Structures are given as structure tokens and as C-alpha cells.
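Report on the following structure.
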Amino acid sequence: MFVHQHRSRVKSLVKSSKLLALTKMREQKIGFAGFPTPLQKMPRLSKVLGGPRLFVKRDDMTDLAFGGNKARKLEFLFADAKNKGADVVISTGAVQSNCACMVAAAARRLGMKPVLVLVGKEPDVYDGNLLLDKLLSAEIHFIDGYGPHVEDFMKTLANTFRENGYNPYIIPVGASTPSTVPGYTLAMEELVNQFNQIGETIDYVVCACGTGGTQAGLIFGAKLLDVTAKIIGASVFASKDDASRTVAQLVNGSAELFDVDLSIVPEEVVVFDDYIKDGYGVLNHEVTSALKLVAETEGIFLDPVYTGKAMVMLIDLIKKGYFKKDDSVVFFHTGGLPALFMYRNKLGKA
3 MFVHQHRSRV KSLVKSSKLL ALTKMREQKI GFAGFPTPLQ KMPRLSKVLG
53 GPRLFVKRDD MTDLAFGGNK ARKLEFLFAD AKNKGADVVI STGAVQSNCA
103 CMVAAAARRL GMKPVLVLVG KEPDVYDGNL LLDKLLSAEI HFIDGYGPHV
153 EDFMKTLANT FRENGYNPYI IPVGASTPST VPGYTLAMEE LVNQFNQIGE
203 TIDYVVCACG TGGTQAGLIF GAKLLDVTAK IIGASVFASK DDASRTVAQL
253 VNGSAELFDV DLSIVPEEVV VFDDYIKDGY GVLNHEVTSA LKLVAETEGI
303 FLDPVYTGKA MVMLIDLIKK GYFKKDDSVV FFHTGGLPAL FMYRNKLGKA
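Residue numbers (this note's numbering): 3 to 352.
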């Protein structure tokens, strides 16, 4: 009897700590992204592929710039920036970075000056996200190659702004840190609530995996909510081992940050690197076919860099019999649509 009471008390304490963590997460963000995002069925795509039951979570419709997953993460970083009295926000990414563009948009919405350090050469024509950066009047610096020198350059810029009376705040590449993982932890809670409303259960969640924050947040959310759904990531540049290690570190770092007695090992992270193919952002026949198939069946546009490759993975796993026909599989649409226009020459001939 005493053992039973002890176990019940332990379970109650664990549940309380998880609920407290979710409450803390809600309190530590600034609300500018228009949640919840829609959950939609994809019956025509499911029929063409021969099952399973497919859903899409439309995070391409977050209320910031052209939408996308970074909005959920930036709610936490900009809350911190605002609390610290920042008036300049400095961030980095590739020349066509979705995250950098959304940082600039969020900064403008909150009355801050956006400064972007973009990796690559300045193009002759400003298009895609770079055009949007210009419309946002972001201060743009182009720099060659990724590496420690990028972070050093951002720190130098920050020091210069301080010397001129500003209060700068630096946001790392991809905005994926233990403090932003809760963006997708709360997204998982949002998704579970939407499924409860329609009387369904989630079996699998599929997403692209870049810097790891989205998949980490979904895994952390599933753990906190005791959801058994498997979270599957499609790596867009890192090896399976590197990606799973990064995701696990983000989950564990966030759990520690929010005082949750929870940890995972990289082997628990389900991520595939088979779909990187020719490299990050390289359009191939499989991605082009996936973009067209989803557009033709559901009227939904995906991007060539992230969601396109995640959809290639989903289609391939379905063909290989990875899912049962009656499984409920959610595809997280993480945005990135401005990148479509950078591939207009190839896609226009598809």
C-alpha cells in the first residue's frame, strides 16, 4: 500500500513539474505570431500515395513576414531582447535565410533596428528573402563562409553599436537554442489540442531538420504531454549522427532550463539523412516532383530547401511501407516560401 502511494505521489510530482514547465514557457514569450496555425487534412495526397491518413500543420501561415517556423522561436528571443532593452538586433544566416528575414520583420514590428550578417556574395539581383530584407530596410553585411569569424564579426558590430549609444542583441544562426525549443514544445501542445477537438490521435509527426530546434521542441513537447507519437526529421544538411546529437542536446538543454527531470540520448532521435542528396538547397528531380505533387493535389506550396525535402522523405517512407494505412501522420509545414522564386528557372521548366 505504501509503495503504491509512493509511486502515485512520484507520478503526481512528475506531472506537476511538466505542467509547470509548460506554464513557464507560455510566460516567457512575446505574442506576435498569430497562433494556433491551421491543421488541415490532405485526403487527395493520401489517396494518390495509397495512405496513410495525412494532415498538414500550416506553420507557413504564422503571422510574421511570409510565415514559417522561426516565428515560434523568435517569440522567446525577442521577449528576452525586449526585457533587456535592446534597440538593435543582429543575426546571421545564408543570403536567402528565412530566419534572418523573419528576425528583421520581428525587429521592425517591435521598433528595433535589424542588422543581418549574410553568408555569401552579394548578388547582382535582390530576390526572394533578400528582397524582403531590403524592403524591411535591414542593415546588411555580406561575409564569406561559415565559421567562428561570423560570430566574431557580429560581436564586433555589437561593440560598435554600443560605442554609439545603442543596446544590441545577438540572435544565433537558425535561432535554435535551448531557450527557443519551447516554441515547438508549445506547438506540440497546440497540435494535440487540435487533434483532441476532432477526436483523433497522432501517430507520427514529420518535419524538416536544419539547426534542430523544431524537431527538438516537438520531441520535448511529446515527452511533457505523454504523447506516444513518433517525431521524424528529414535532415537538410547534417549527417544523421550530427543531427540526432544536436536535437538531443537541445532537448536536454531545454529540460534543464525549465527544471524538468527529463533527458534523451541521440539514439532516440529519429532523423534521416538520405534525402540531402546533392547538398543543402540543391534542387533535384525528387524535390521538384514532390513540390508539384503537393501543389497539384492539395493546392499547397512547399519550399525547395526544407519542406520539399521533408516531403520527399514522407513520400519515400510511405512507398516503403513505413506507416500503416490507418495511421495519422502530420506533416509540419515550416514555411520558407520566398525561396521558391530563387528556383524559378528550374521550376518553370518542370
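Beta carbons: idealized from backbone N, C-alpha and C, even for Gly.
Since we're looking at a predicted model, the values are computed, not measured.
*Check residue 202 in the structure and name its three-state DSSP category.*
coil
_With DSSP as the reference, identify every bridge partner of residue 312, one or two as the case may be._
Beta-bridge pairing links residue 312 to no other residue.
*List the endpoints of the continuous alpha helix (DSSP H) containing residue 223.*
215 to 226
*Report yes or no: do the segment 313 to 321 and the segment 90 to 108 share at least 3 C-beta pairs separated by less than 8 Å?*
no
_Integer-rounded CB distance, given that residue 268 should sit under 8 Å from residue 289_ = Contact flag wrong, Cβ pair sits at about 27 Å.
*For residue 186 versus residue 223, is the C-beta distance shorter than 8 Å?*
A distance below 8 Å separates the beta carbons of residue 186 and residue 223.
*Determine the closest residue to residue 227 out of 210, 213 and 203, with distance taken between C-alpha atoms.*
203
*Inter-residue spacing [alpha-carbon to alpha-carbon] between residue 18 and residue 260*: 13 Å
*Identify which residue in 347, 243, 206 and 38 has its Cα closest to the Cα of residue 325.*
206
*Quick one: grab the DSSP three-state call for residue 116.*
strand
_Excluding the 5 residues flanking residue 302 on each side, which residues of the same chain have their C-beta closer than 6 Å to its C-beta?_
296
*asked:* Using a Cβ-Cβ cutoff of less than 8 Å, which residues in the same chain neighbour residue 154 once the five nearest sequence positions on both sides are dropped?
replied: The answer is none, since no qualifying residue turns up.
*DSSP puts residue 94 in a beta bridge; with which residues?*
Its beta-bridge partners are 119.
*Thinking C-alpha only, which one of 331, 345, 266 and 337 is nearest residue 284?*
345
*Give the single residue among 143, 257, 210 and 299 whose Cα lies nearest to the Cα of residue 183.*
257
*Drop a sphere of 10 angstroms on the beta-carbon of residue 78, count the other beta-carbons inside from all chains shown, and report buried for 16 or more, exposed for fewer.*
Here residue 78 is buried, its C-beta having at least 16 other C-beta atoms within 10 Å.
*Segments assigned beta strand (DSSP E), at least 3 residues, entirely inside the segment 270 to 303*: 272 to 274
*Specify whether the segment 147 to 165 and the segment 70 to 88 touch according to this definition: at least 3 beta carbon pairs, one from each stretch, less than 8 Å apart.*
no
*Answer yes if the segment 189 to 197 comes into contact with the segment 34 to 41, meaning at least three C-beta pairs across the two stretches below 8 Å, and no otherwise.*
They touch, by the three-pair rule.
*Note down the Cα distance separating residue 276 from residue 92, rounded to an integer number of angstroms.*
34 Å
_Let me make sure I understand the geometry here. Which of 235, 229, 339 and 231 has the alpha-carbon closest to that of residue 218?_
235
*Could you give the DSSP three-state label for residue 320: helix, strand or coil?*
Residue state, collapsed to three classes: helix.
*Sort 68, 99 and 308 by Cα distance to residue 120 and report the nearest one.*
99
*Does the Cβ of residue 170 lie closer than 7 Å to at least one heavy atom of the ligand PLP?*
Because no ligand of any kind appears in the structure shown, any question about the ligand PLP cannot be addressed here.
*Residue closest to residue 286, alpha-carbon to alpha-carbon, out of 238, 176 and 263*: When only C-alpha atoms are compared, the closest one is 238.
*Note down, one range per segment and in chain order, each alpha helix (DSSP H) of at least 4 residues found wholly within the segment 114 to 186.*
130 to 137 and 150 to 165
*Could you give the distance in angstroms between the alpha-carbon of residue 294 and the alpha-carbon of residue 117?*
35 Å
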